[in-house]
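Read the structure below first, then the notes.
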Amino acid sequence: MMQTTATPADAAQAQGGHAAHGNALIKPSYDERLTNEDLAPLRKQTWGTYNIFAFWMSDVHSVGGYITAGSLFALGLTSWQVLVSLLVGIVIVQYFCNLVAKPSQVTGTPYPVICRASFGVLGANIPAIIRGLIAVAWYGIQTYLASSAFLVLALHFFPALAPYADVRLHGFAGLSTLGWAAFMVLWVLQALVFWTGMETIRKFIDWAGPAVYVVMIALAIWLVNKAGWENVNFTLSFVKYTGWEAVPVMLSAIALVVSYFSGPMLNFGDFSRYAKDFKSVKRGNFWGLPVNFLGFSLLTVITTSATLPVFGKLITDPVETVSHIDSTFAMLLGAFTFMTATIGINIVANFVSPAFDFSNVSPKHISWRTGGMIAAVASIFITPWNLYNNPQVIHYTLDVLGAFIGPLFGILIADYYLVRRQHVQVDDLYTLNPRGRYWYRNGFNPAAVATMIPAAIIPILCVVVPAWQAAANYSWFIGMGIALVLYRQLAPRMMAGHLGRRAASQA
């Protein structure tokens, strides 16, 4: 299929009327209400295969990723069934990431800007705000989880601080004084990395992911040496399902993998825009997703399985595993590594995303850095420890917000590949002129809005209605599928009317 979208490189060659602002190309015709240096097309795209690979390592190598990977081996399936489910799920993620990466890589624009093509130049704030709110919640939760490693270290070296770790004795808003200190230390560290800019973030994730691998391998070797290889089991629970009974459980495992990656998958364009070519993105996705996730999952199950004979109980939390090691150096190294891992995933999945998203709401007044700090400050006020410690609240809050991710993904893919045939007019993404291609009706695309309503309501019902709980695991697929089909049907009609109005206004 012919690719007709103008690239940033094309714009750089043309240079006519362009002004270079750092690494951004801004035309005089670009409306300041839609443009700033962070949202404008890139002048240079420099990321290669390894940078994309490292991005996914940072995303996978976290406490949440460790627990998720381990949980797949505790579903009552045989080890080969888990591996098949894992591979199918991550290959689906890889395929969808390739799809969502291309429009941003080709145009050099972040996720909320490319959404202007499907939702309208003003309507794009709908997906931007939804994705931003999800990222804020997860940012707070991941920071809280990382702070627990810091808490373990503090209590190990300073046992006298134990009373300050008791929320009943010394606490505020549901968190102990020591917990607050640990949370704010991690909060500040992440903010410092983010504030220095994308180049520092790239360098950070380039070494953070591999560093976790080194420690994970060392931890696995130490535990296996203590336990004995014969005591390592790749099935973390009794096998409950055989034959055809295993198929529904395997499908749920596949859906779990896809759902886990649905957030960073949706806004992957925020990072693929920096890639120097699409081949680098595809190669990075191959090594960072199927290969990396399989390797990390195997290390996880080996490590988790070995905790039973070594410590007398099955431990699925890597921070708790490290806390049981009777070596000060090992504990320091392990805790530092998992804090680094969580900082990595938090920055790539939950800091950069809302930075672009909130900046898109008012580019003239909110820069990328300001957008990120809005998200960081908001993550404190939602008291994520209370969310995390109340499974019912976190279930409804995040699952209801997450029900929008599938429809947003479906609309973006349907618009770029099925409706526009991979053609986007970049200049029109930055204009409020009613004659612009993406003005639609007052800046909103009625087709996208009309698609979002049923495509989001049905997945939400799957989450909140007990009778529909069986379909809850597949809410992402349901929302994405409905949006894909519905938008494909509605968009051409709406666009035909819009083109007619444009022609009339130009006559």
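If you're matching positions, the sequence shown starts at 1287 in my numbering and goes up one per residue. The C-beta atom is built at its ideal place from N, Cα and C for all residues, glycine as well.
If you compare alpha carbons, which of the options is closest to residue i?
i	options	result
THR1669	THR1395, VAL1422, SER1583 and ALA1310	VAL1422
TYR1674	LEU1431, LYS1330 and ASN1309	LEU1431
ALA1410	TYR1760, VAL1735 and TYR1316	VAL1735
GLY1406	ALA1689, VAL1750, VAL1647 and GLY1457	VAL1647
GLY1465	HIS1651, ALA1360, TRP1671 and THR1589	TRP1671
TYR1397	ILE1378, ASP1643, PRO1496 and ILE1338	ASP1643
ASP1317	LEU1698, LYS1650, VAL1374 and VAL1634	LYS1650
ALA1468	ILE1487, LEU1447 and THR1486	LEU1447
VAL1577	GLY1375, VAL1392 and PHE1359	GLY1375
ASN1636	THR1429, ALA1769, SER1462 and ILE1540	THR1429
VAL1368	PHE1579, TYR1381 and LYS1599	PHE1579
GLY1657	VAL1471, ILE1415 and PHE1359	ILE1415
LYS1313	ALA1753, ILE1739 and TYR1716	TYR1716
MET1625	TRP1473, ILE1540 and GLY1418	TRP1473
PHE1572	GLN1380, LEU1770, ALA1326 and ALA1769	GLN1380
ILE1633	PRO1595, GLN1711, THR1623 and THR1486	THR1486
TYR1773	ILE1739, ALA1757 and TRP1754	ILE1739
PHE1520	ALA1360, TYR1527, TYR1726 and VAL1543	ALA1360
ALA1326	ASP1556, VAL1663 and ILE1631	ASP1556
ALA1777	GLN1755, ALA1756 and PHE1730	PHE1730
TRP1366	LEU1600, TRP1515 and VAL1533	VAL1533
ARG1655	HIS1709, VAL1479, TYR1336 and LEU1441	VAL1479
THR1528	ASP1714, THR1364 and ALA1769	THR1364
ASN1517	GLY1688, ALA1541 and VAL1596	VAL1596
VAL1543	TRP1762, ILE1768 and THR1321	TRP1762
PRO1496	PHE1458, ASP1563, LEU1439 and ALA1627	ALA1627
ARG1707	ALA1539, LYS1388, ALA1769 and THR1321	LYS1388
PHE1667	GLY1460, SER1404, LEU1439 and ILE1353	GLY1460
SER1357	SER1344, ASP1345 and SER1371	SER1371
PHE1547	PHE1695, LYS1512 and VAL1751	PHE1695
ARG1488	ALA1689, ASP1345 and VAL1751	ASP1345
MET1470	SER1665, MET1502 and PRO1445	SER1665
ILE1491	VAL1638, ALA1513, ASN1719 and ASN1322	VAL1638
List the endpoints of the continuous beta strand (DSSP E) containing residue i.
i	result
ALA1310	1310–1312
Could you give the residue range of the alpha helix (DSSP H) that holds residue i?
i	result
LYS1330	Looking at the DSSP string, LYS1330 is not in any alpha helix (DSSP H), and its letter there is neither H nor E.
ALA1741	1732–1750
VAL1608	1604–1609
HIS1442	1411–1443
ALA1532	1532–1552
VAL1634	1614–1636
ARG1655	1654–1667
TYR1499	1484–1513
ILE1697	1691–1699
ARG1239	Absent from the structure is residue 1239, since the part of the chain shown begins at 1287 and ends at 1793.
THR1586	1578–1597
TRP1466	1463–1481
ALA1403	1402–1405
TYR1674	1670–1674
SER1558	1555–1558
Mind reading off the beta-carbon distance from residue i to residue j? Whole number of angstroms is fine, and I expect it under 8 Å.
i	j	result
VAL1386	MET1551	6 Å
TRP1333	SER1566	7 Å
ARG1402	TYR1760	ARG1402 to TYR1760, Cβ: 30 Å. No contact.
LEU1328	ALA1355	Not really, about 34 Å apart at Cβ, beyond 8 Å.
MET1766	PRO1693	7 Å
ALA1621	VAL1605	7 Å
ARG1559	GLY1418	Wrong, their Cβ atoms sit about 17 Å apart, outside the cutoff.
GLY1549	ILE1427	Between ILE1427 and GLY1549 the Cβ distance is about 12 Å, and since that is not below 8 Å, they are no contact.
ALA1561	GLN1331	6 Å
ASN1384	LYS1568	6 Å
ILE1660	LEU1475	About 18 Å; that fails the 8 Å criterion.
SER1390	ILE1400	5 Å
HIS1442	TYR1450	That pair is no contact at about 14 Å.
ALA1662	TYR1425	7 Å
SER1404	LEU1704	With a Cβ gap of about 11 Å, SER1404 and LEU1704 do not count as contacting.
For the ligand SAH, is there any heavy atom lying closer than 8 Å to the beta carbon of residue i?
i	result
VAL1705	In terms of ligand content, the structure shown is empty, and the ligand SAH therefore cannot be addressed.
Subject >> Runs of alpha helix (DSSP H) wholly within the stretch 1324–1399 (minimum 4 residues, chain order) >> reply: Those alpha helix (DSSP H) runs which fall completely within the stretch 1324–1399 and span 4+ residues are 1335–1346, 1349–1358 and 1365–1393.
Original post:
Can at least three beta-carbon pairs, one atom from the stretch 1738–1747 and one from the stretch 1433–1440, be found at a separation below 8 Å?
Top reply: Segments in contact, no.
Original post:
Is there contact between the stretch 1584–1602 and the stretch 1340–1350, where contact requires at least three CB pairs shorter than 8 Å?
Top reply: With the cut-off at 8 Å, the stretch 1584–1602 and the stretch 1340–1350 do not touch.
**OP:** Specify whether the stretch 1501–1511 and the stretch 1607–1622 touch according to this definition: at least 3 beta carbon pairs, one from each stretch, less than 8 Å apart.
**Re:** They touch, by the three-pair rule.
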